[in-house]
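Take a look at the structure set out below.
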Amino acid sequence: MTTDDLHAKDGFGFFREASLPLSIALVIPVGVLLVLLGLLLVPVNLGTLPFSPDGQLGLLLVIMAIQMLALGETPMGQYRRSWLLIVIGIVFAAMGIFSCIVPGILTGVIQLLLATLNIAGGAILLTKRFLPMLQGAAEPAASLPPILKRLLVTLTVLNVVAIAFGISMLLPGLVPGMIIAGIVVINGLLLFVLASILLKLG
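One gets this note's numbering by counting positions in the sequence shown from 1 and adding 1 to each.
This is the structure:
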């Protein structure tokens with residue numbers, strides 16, 4: 002171990018090495034993005050702030066691609082980082098970056114893609130979580146330790162919010178803009194709650 006390594010581990014304050022798992026380190030910026038986006042959507046809906054939907058959709062897709070490439074994490078669950086998943090992640094990242102730079106071309110495609118992934122992912126994860134309980138093949142939620150109950154509730158609400166967010170993107174005129182802003186903020190805050198629970202479990 003070198004002197005620099007010792008200083009990194011034994012430093013003070015912000016200079017000390019952070020013992021933060023990569024999965025949680027990626028959840029935090031997504032939470033920041035969603036909370037900030039939801040708060041900014043309030044003045045956008047009031048007409049006091051200009052807004053680029055292509056930038057929003059592109060950034061969401063790029064972050065999703067980073068999670069896929071780094072962890073194999075997708076809206077439909079975590080999978081092995083196969084070459085197929087890596088190629089899909091690269092394609093998603095390229096589409097997101099292109100949308101941020103050249104607005105108006107991929108807007109409809111990315112909107113449909115994100116809506117489908119959020120709705121399908123939320124529904125699949127809810128089914129995987131509760132179907133074994135309903136069939137009696139898994140431990141009932143009431144018998145779980147408190148921290149695991151909190152995790153179960155947080156993940157369930159996240160899945161429901163993801164479905165609601167996907168529906169709002171698929172049918173933009175169906176849900177008022179202020180409600181969409183609230184959904185996005187709640188989604189971001191729930192990610193912070195999820196990160197704190199995972200840190201305690203770790």
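Quick reminder that beta carbons are idealized off the backbone N, C-alpha and C, glycines included.
Between the alpha carbons of Arg81 and Thr108 lies a distance of about 29 angstroms. Annotated as distal: Thr155 and Val185, with beta-carbon spacing of 8 angstroms or more.
Burial check for Met179: the Cβ neighbour count within 10 Å stays below 16, so the residue is exposed.
DSSP, reduced to helix, strand and coil, places Gly48 outside both helices and strands of the structure shown, so it counts as coil. DSSP lists Gly78 as the beta-bridge partner residues of Thr75. Here DSSP, grouped into helix, strand and coil, assigns Pro54 to helix. The C-beta separation of Ala196 from Ile25 comes to about 5 angstroms, placing the pair in contact by the 8 angstroms criterion. By the Cβ test, the region 32-51 is not in contact with the region 65-78, since fewer than three Cβ pairs between them sit closer than 8 angstroms. Counted as a single uninterrupted DSSP element, the alpha helix (DSSP H) harbouring Ile89 occupies residues 84-102.
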